[in-house]
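Chemist: Okay, handing you the structure first.
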Amino acid sequence: MLEEPAQATQPKARIAEVFGVFLKLGLTSFGGPIAHLGYFRTEFVERRRWLDDGAYADLVALCQFLPGPASSQVGFALGLMRGGWWGACAAFVGFTLPSALLLLAFAQIMPLLSGPLASGALDGLKIVAVAIVAQAVLGMARNLCPERITAGIAVGAVACLAIAPGVWGMLGAIALGAVAGAALIRPEMSATGRSLDMPMTRRQGIGALVVFAAMICLLPFLADLSQMFAMLDGFVRAGALVFGGGHVVLPLLEAETVAQGWVSGDAFLAGYGAAQAVPGPLFTFATYLGAVQGPGPNGVTGALLASLAIFAPGFLILIAALPHWAQLRSQPAAQALMRGANAAVVGVLGAALYDPVFTTAIGDLADLALALACLVLLMLWRCPPWLVVLGAAGAGATLGIIT
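Using the working numbering, read the sequence shown as starting at -12 and increasing by one per residue.
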């Protein structure tokens, strides 16, 4: 009789532990998904010893292989492993909540910003986005396009978008990149992945895959019924197509919001710049867009719906893949296909660097000089992104006053 309360409270204590540690990480994890993975390893492998280096590396490889926000997927899986399904939810909320609230607050105050000081600061946020996306393109090209074939696939993706811009052009470019990878890249065998001890079954994985397929197939038809379904369809599609890192969500969200006339180009880039100055996952940029979009639902309701819609596909795909990962990652053909898709993603992001990022943010030589200065600070001086963002906003405000 006396043991039952202790047994009952142990899962609650674990869930509280998971929420607490991920809330701390959500408040302090600056630097993007790669930095987040480093923070996670320090916290969960070295300090808390929830798993060893081999299991952690295997989990990271899985989340890099799948579409979606890699660092948030790793956090979700760690919470699942530690505290079950409620632990997974606690990890997601704790890691995501700080940046989501900060960007929601920015969305609320942005319409109040006026005058040369405020408009200059917003211009600075747009300009620093050029440097941040350029850094992402260069880093991804170095890692994902190191040889002739993958570099050619990236260039081919840019050509596809020149012919067919928009969401379907991006989808076609990534699909053609995957086909080219499977046909042209020589497969290489890799070691069989270690098993991950997750409290889930293959039936649950199949259920998650069914829910994912239903969302992808049904929402485009429901989009004609109301603006809410149209918004959910756009953010779900963006979350389902992101390969290769959080910055890739930029062109997808631009196509789903700015191209639809829901968000202005200036507001889009200002929010993207602000997203670099907050900790946590870059996907919370969707929180901002859901709040500021013109047609309803917007505000707090739009922010919540957009946030859930963009994260859901990556988590469902992860749940579906976890029971099968060890077998899948040992298949050379699957690896070649994913290398081609990742190379195409570099081209998609490179096209976005030109339009809408550069064409919207850079108006004269002073803007270009500030963008280049931000790029140098990020790549050569290794300054924290949040510090560069704040500096760019200050410089933009100064230019606004002077001009």
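No residue lacks a Cβ here, since even glycine has one placed at the ideal position from N, Cα and C.
Every value quoted in this text rests on a predicted model; they were computed, and no experiment measured them.
With a CB to CB cut of under 6 angstroms and the five nearest residues on each side skipped, what residues in its chain are close to Ala330?
Modeler: Leu131, Cys132, Thr137, Ile140, Ala141, Gly164
Chemist: Please determine, among Leu84, Leu67, Asp110, Val120, the residue with the shortest C-alpha to C-alpha distance to Leu365.
Modeler: Val120
Chemist: Between the alpha carbons of Ser251 and Tyr259, how many angstroms are there, rounded?
Modeler: 12 angstroms
Chemist: Assuming contact is defined by CB atoms lying nearer than 9 angstroms, are Gly107 and Thr385 in contact in what I supplied?
Modeler: The answer is yes: Cβ separation under 9 angstroms.
Chemist: How many Å lie between Ala254 and Arg369 at the Cα?
Modeler: 28 angstroms
Chemist: Using only the alpha-carbon positions, how far apart do Leu336 and Phe79 sit?
Modeler: 26 angstroms
Chemist: Over the uninterrupted alpha helix (DSSP H) stretch that includes Glu134, give me the two end residues.
Modeler: Taken as a continuous stretch (DSSP letters only), Glu134 belongs to no alpha helix (DSSP H), as it is neither H nor E.
Chemist: Using a Cβ-Cβ cut-off of 7 angstroms (strictly less than) and excluding sequence neighbours within five positions of Gly267, which residues of its own chain qualify?
Modeler: Excluding the 5 residues flanking it on each side, Gly267 has same chain C-beta neighbours closer than 7 angstroms at Gly13, Ser16, Phe82, Thr83, Pro85, Ser86, in chain order.
Chemist: Expressed to the nearest angstrom, what Euclidean distance is found between the alpha-carbon atoms of Pro300 and Leu158?
Modeler: Looking at the two C-alpha atoms, the distance is approximately 16 angstroms.
Chemist: Look at the alpha carbon of Tyr26 and the alpha carbon of Leu212, and state the distance between them as a whole number of angstroms.
Modeler: 43 angstroms
Chemist: For Asn130, which of helix, strand or coil comes out of DSSP?
Modeler: In this structure, DSSP gives Asn130 a helical state, which the three-state scheme calls helix.
Chemist: Drop a sphere of 10 angstroms on the beta-carbon of Gly7, count the other beta-carbons inside from all chains shown, and report buried for 16 or more, exposed for fewer.
Modeler: exposed
Chemist: How far does the alpha helix (DSSP H) with Asp220 in it reach, from first residue to last?
Modeler: 214 to 227
Chemist: Could you pull out every residue in the same chain whose Cβ sits closer than 7 angstroms to the Cβ of Glu(-9), ignoring the five residues on either side in sequence?
Modeler: For Glu(-9), the predicted structure reports a pLDDT of 39, less than 50, and the residue's modelled location is therefore unreliable. A value from the coordinates is still provided. Within the same chain, Glu(-9) has no close Cβ partners at all.
Chemist: Distance, Cα to Cα, Ala394 vs Met68?
Modeler: Given that the chain is displayed from residue -12 to residue 390, the structure contains no residue 394 and the question cannot be resolved.
Chemist: Given this structure, state the Cα-to-Cα distance separating Pro371 from Pro20, to the nearest angstrom.
Modeler: 14 angstroms
Chemist: Quick one: Cα of Ala105 to Cα of Val47, how far?
Modeler: 41 angstroms
Chemist: So which of Ile193, Gly62, Leu355, Asp39 has the shortest CA-CA distance to His311?
Modeler: Of the listed residues, the one whose Cα sits closest to His311 is Ile193.
Chemist: Since Asp39 is in the alpha helix (DSSP H), which residue starts that stretch and which ends it?
Modeler: Premise fails: Asp39 is in no alpha helix (DSSP H) and is neither H nor E.
Chemist: Using alpha carbons as the reference points, say which of Leu362, Gly378, Ala278 lies closest to Phe93.
Modeler: Checking every option, the nearest Cα to that of Phe93 belongs to Ala278.
Chemist: By how many angstroms is the C-alpha of Trp373 removed from the C-alpha of Ile2?
Modeler: 30 angstroms
Chemist: Check whether the Cβ atoms of Ala167 and Cys147 sit closer than 9 angstroms, and answer yes or no.
Modeler: Not in contact: Ala167 and Cys147 (Cβ atoms no closer than 9 angstroms).
Chemist: Could you pull the start and end residues of the alpha helix (DSSP H) that Tyr275 belongs to?
Modeler: 272 to 279
Chemist: So is Asp110 buried or exposed if we call it buried at 16+ other beta carbons inside 10 Å?
Modeler: Counting other Cβ atoms within 10 Å of its Cβ, Asp110 reaches 16 or more and is therefore classed as buried.
Chemist: Can you give me the C-alpha to C-alpha distance between Gly383 and Asp351, rounded to a whole angstrom?
Modeler: 13 angstroms
Chemist: Determine the direct distance from the alpha carbon of Arg189 to that of Leu240, and round the result to whole angstroms.
Modeler: 32 angstroms
Chemist: Using the C-alpha atoms, what's the distance from Ala339 back to Gln191?
Modeler: 37 angstroms
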